[in-house]
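**Student:**
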Ligand SMILES: [Zn+2]
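Numbering (the numbering used here), first residue to last: 1 to 415.
(1) Tell me whether residue 241, by its Cβ, gets closer than 6 Å to a heavy atom of ligand 1.
(2) For residue 115, name the three-state secondary structure that DSSP assigns.
(3) Can you give me the Cβ contacts of residue 397 inside the same chain, cut-off strictly under 7 Å, excluding the 5 residues immediately before and after it?
(4) Does the Cβ of residue 250 have 16 or more other Cβ atoms within 10 Å, making it buried, or fewer, making it exposed?
(5) Is residue 457 near ligand 1, in the sense that its beta carbon is under 6 Å from a heavy atom of that ligand?
(6) Are residue 373 and residue 193 close, meaning C-beta to C-beta below 7 Å?
(7) Below 7 Å CB to CB, which residues in the same chain sit around residue 380 once its five sequence neighbours on both sides are set aside?
(8) What residue from 165, 328, 385 has the CA that sits closest to residue 359's CA?
(9) Please list, in chain order, all residues of the same chain as residue 98 whose beta carbon is under 7 Å from its beta carbon, the five residues on each side excluded.
(10) How should residue 61 be labelled, buried or exposed, when 16 other C-beta atoms within 10 angstroms of its C-beta is the threshold for buried?
(11) So what's residue 365 in DSSP terms, helix, strand or just coil?
(12) What is the DSSP secondary structure of residue 131, reduced to helix, strand or coil?
(13) Residue 350 by DSSP, collapsed to three states: which one?
(14) Who are the Cβ neighbours of residue 261 in its own chain at under 7 Å, not counting the five residues just before and after it?
(15) Under DSSP, the beta strand (DSSP E) around residue 188 begins and ends at which residues?
(16) Quick check on the burial criterion: 16 or more other C-beta atoms within 10 angstroms. Buried or exposed for residue 121?
(17) Does any heavy atom of ligand 2 sit closer than 6 Å to the C-beta of residue 131?
(18) Please go through the same chain and pick out, in chain order, the residues whose beta-carbon is closer than 7 Å to the beta-carbon of residue 367, but skip the five residues on each side of it.
(19) What is the residue span of the beta strand (DSSP E) that residue 161 lies within?
(20) Roughly how many angstroms lie between the CA atoms of residue 293 and residue 301, to the nearest whole one?
(21) Using a Cβ-based criterion (distance less than 6 Å to any ligand heavy atom), does residue 122 qualify as near ligand 1?
(22) How would you label residue 391, buried or exposed, when you count the other beta carbons within 10 angstroms and need 16 or more for buried?
(23) Report the option in 239, 165, 129 whose CA atom is closest to the CA atom of residue 116.
(24) Ignoring anything shorter than 3 residues or poking outside the stretch 209–272, list the beta strand (DSSP E) runs there in chain order.
(25) Can you say whether residue 15 is buried or exposed, counting buried as having 16 or more other CB atoms within 10 angstroms of its CB?
(26) Starting from residue 84 and walking both ways along the beta strand (DSSP E), at which residues does that stretch end?
(27) So who's on the other strand from residue 109, going by DSSP bridges?
(28) With three or more beta-carbon pairs closer than 8 Å as the criterion, would you say the stretch 302–318 touches the stretch 348–363?
(29) Compare the Cα-Cα distances from residue 180 to each of 167, 53, 127 and report the closest residue.
(30) Is the beta carbon of residue 377 closer than 7 Å to that of residue 84?
(31) Could you give the C-beta distance for residue 338 and residue 291, rounded to a whole number, given that I count them as a contact under 8 Å?
(32) Between residue 159 and residue 325, how many whole angstroms is the CB-CB distance? I'm expecting something under 8 Å.
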């Protein structure tokens, strides 16, 4: 085996150990050997390297099964920091996360209403400010990640469609690289939130997960066989555009009767206004208001919200039948409002599950609220850094610098 191959092997092992610590911490060296299948001496060497680079720390002792109690290991929170941005239609959140993905600082700004270039300039400004803040705290920045609404080609860092801020085929990664000199990790916001729930939240330790976000739109992020699944062109998870009523209302995608057109926050509000006729104005009603009324047992609201919840449940249940999922996590702005919607979703799921699957999926509300995207894109940046650090210098040259488009093409975008 030549030197490059030796290094490649060592670095793949390093990725494996780091990923295992991230997912299973606190974990003993003995359990790392068992879970990774690597030899004890290899794990020992890698742990020493990680200690030396301050990425790892000891955190107490495991219970002993005879003999000395093994030391437990975890990521060192202070070992490095990630800047995360959640780019939304009405607000831009930016945060700094430590190495265990605790949000150490967060700022929220309104999204510039003029859209287009104005949004990009604002993005640059707040990232620069946050970099300066990190510098003032002597925090070492390891990476920057951005999650965004719309359709995203994360492999090439291009926002294909984001109507909310008027971006079409916008080369976000290239523009940021040209302006700030770094290449960010870019991902769809629902996928980022799904990844946060998978690594740290309600779906931790599960393998086949759907995270459903219900808000202004309805979207889903999929974890299949323990990996984020985004499909052939990063468009997997468009659950909101499954047709549920052939002659239903028009959807913003141009089709009729999509799930989103009958069960999202705005759709619930529209249904309420239609049912109440002239007694209510459209200007004060939104989905959350109707859900709050349903919680107070207002009859019309209750019916609308339970119908919408069951419709979402049927769709998610059918997806669960197709993919044999073990975990369903329901999140998003509308879900934060109450339990009537969640109960109806669960009922809808159970009513369509195949008999043999009825006891299989664990259904829960999301662990993270509005910070899901920030944590998820931070965790993805961390995961990709592990892989890239380990593979970047193999074969010479620096074209494989972590997170770069070249690296992403070479190694696959998703961790
Ligand atoms: Zn649609």
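Heads up, the beta-carbon is just placed ideally off N, CA and C, and yes, glycines get one too. Being a predicted model, the structure only gives us computed values, none of them experimental.
**Tutor:** In terms of the structure at hand:
(1) Using a cutoff of 6 Å, the CB of residue 241 counts as near ligand 1, since one of the ligand's heavy atoms is closer than that.
(2) Here residue 115 sits in coil by DSSP.
(3) Confidence in residue 397 is poor, its pLDDT being 28 and thus under 50, which makes the residue's placement too unreliable to answer from.
(4) It is exposed - the Cβ of residue 250 has fewer than 16 other Cβ atoms within 10 Å.
(5) Outside the shown range of the chain, which is 1 to 415, sits residue 457, and nothing can be said about it.
(6) Yes, the pair counts as a contact, with Cβ atoms nearer than the cut-off.
(7) By the criterion of a C-beta distance shorter than 7 Å, residue 380 is surrounded in its chain by 145, 185, 187, 192, 195, 415, once the five residues flanking it on both sides are discounted.
(8) It is 328.
(9) For residue 98, where only same-chain residues beyond five positions count, the Cβ hits under 7 Å are 77, 78, 81, 104.
(10) Exposed: under 16 other Cβ atoms inside 10 Å.
(11) Here residue 365 sits in strand by DSSP.
(12) Note: residue 131 maps to helix in three-state DSSP.
(13) Here residue 350 sits in helix by DSSP.
(14) Within the same chain, and ignoring the five residues on either side of residue 261 in sequence, the residues whose Cβ sits closer than 7 Å to its Cβ are 248, 249, 250, 251, 267.
(15) Run containing residue 188: 185–188, per the beta strand (DSSP E) assignment.
(16) Within a 10 Å sphere around the beta-carbon of residue 121 sit fewer than 16 other beta-carbons, which makes this residue exposed.
(17) For ligand 2, the structure offers nothing, since it holds only ligand 1.
(18) Counting only Cβ-Cβ distances below 7 Å, and skipping sequence neighbours, we find 197, 201, 202.
(19) Run containing residue 161: 158–162, per the beta strand (DSSP E) assignment.
(20) Residue 293 and residue 301: Cα-Cα distance of roughly 6 Å.
(21) With a cutoff of 6 Å, residue 122 does not count as near ligand 1, since its C-beta is closer than that to no heavy atom of the ligand.
(22) A caution first: residue 391 carries a pLDDT of 34, below 50, which makes its placement in the model too unreliable to give a value.
(23) Of 239, 165, 129, the residue nearest in Cα terms is 165.
(24) Runs of the beta strand (DSSP E) inside the stretch 209–272: 209–214, 218–224, 227–229.
(25) The residue is buried, with at least 16 neighbouring Cβ atoms inside 10 Å.
(26) 81–87 is the extent of the beta strand (DSSP E) around residue 84.
(27) According to DSSP, residue pairing for residue 109 in a beta bridge involves 92.
(28) Between the stretch 302–318 and the stretch 348–363, the count of Cβ pairs shorter than 8 Å is three or higher; the stretches touch.
(29) Considering only alpha carbons, the answer is 127.
(30) Yes, the pair counts as a contact, with Cβ atoms nearer than the cut-off.
(31) Between residue 338 and residue 291 the beta-carbon gap is near 5 Å, inside 8 Å, which marks them as a contact.
(32) About 29 Å separates the two Cβ atoms, so there is no contact after all.
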